[in-house]
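Undergrad:
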Amino acid sequence: MDARGTSAGGAAIRAEGLVRRFGENAAVDGVDLCVEPGEIYGFLGPNGAGKTTTVRMLVTLLSPTSGRATVAGRDVVTEPHEVRLRIGVALQEAALDAQQTGAEILRLQGRLYGLTAGETKRRLSELGELIDLGDALDRRVRGYSGGMRRRLDLAAALVHNPDVLFLDEPTTGLDPV
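Residue numbers in the sequence shown follow the working numbering, run continuously in steps of one, and reach 159 at the last position.
Below is the structure:
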């Protein structure tokens, strides 16, 4: 086990026979996958194929109808809080408070994940450079472009240096380079 209690050598993400039904409709029907630590895994398919539903189950926002899944060595059904502490998530729609500054949002995320003020300050500096928000972190989010909001959402998912990062439609709304 590492410092966070994650099993050393285990899969970052494992799903076995994952099913999610909405009434009679099977949105996800028997997904099996294994993603090892350090791997980048793309989940591709047509609209309505169940990609987002699968991601929502893996990040504990939706319970599977049947099957089993673990993320960072923790069961998504029986240990959802432990899973959430170990993951970063940026979904299709950013959930950002437009009244706060980017820095306020990132500091709040840092506190929620147990980072010290010093660790959070260091991460803000690193992420401000990485996502190219710089001075914009001190402005209210309501003045951000769609691409800036998306980059801030990505930074919020990364602020605590998660074991596993989930990105659902990661390029949606990003400004071109």
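Heads up, the beta-carbon is just placed ideally off N, CA and C, and yes, glycines get one too.
Taking E111 as part of the alpha helix (DSSP H), name the residues at either end of that continuous run.
TA: If you number the sequence shown from 1, residue 111 lands on position 129. 99 to 112 is the extent of the alpha helix (DSSP H) around E111.
Undergrad: Quick check: the Cα distance between R3 and A31, rounded to an integer number of angstroms?
TA: For the purposes of this step, residue 3 is identified with residue 21 of the sequence shown, where counting begins at 1. For the purposes of this step, residue 31 is identified with residue 49 of the sequence shown, where counting begins at 1. Roughly 13 Å between the two C-alpha positions.
Undergrad: How long is the line joining the alpha carbons of S48 and F25, rounded to whole angstroms?
TA: Translated into positions along the sequence shown, residue 48 becomes position 66. Translated into positions along the sequence shown, residue 25 becomes position 43. Near 20 Å, if we compare the C-alpha coordinates of F25 and S48.
Undergrad: Where V10 and T35 are concerned, what is the direct C-alpha to C-alpha distance, given to the nearest angstrom?
TA: Position 28 of the sequence shown, counted from the start, is the residue given in the question as residue 10. Position 53 of the sequence shown, counted from the start, is the residue given in the question as residue 35. Each residue's Cα considered, the two are about 7 Å apart.
Undergrad: Figure out for me which residue from Q91, L106, P28, G100 has the closest Cα to the Cα of E151.
TA: Numbered from its first residue, the sequence shown carries residue 151 at position 169. Measuring from the Cα of E151, the nearest candidate turns out to be P28.
Undergrad: By the DSSP assignment, the beta strand (DSSP E) with T52 in it spans what residues?
TA: Position 70 of the sequence shown, counted from the start, is the residue given in the question as residue 52. Here the beta strand (DSSP E) through T52 covers 48 to 53.
Undergrad: Please return the same chain residues whose Cβ sits closer than 7 Å to the Cβ of D135, not counting the five positions on each side in sequence.
TA: By 1-based counting over the sequence shown, the position of residue 135 is 153. The residues are A72, A76, L78.
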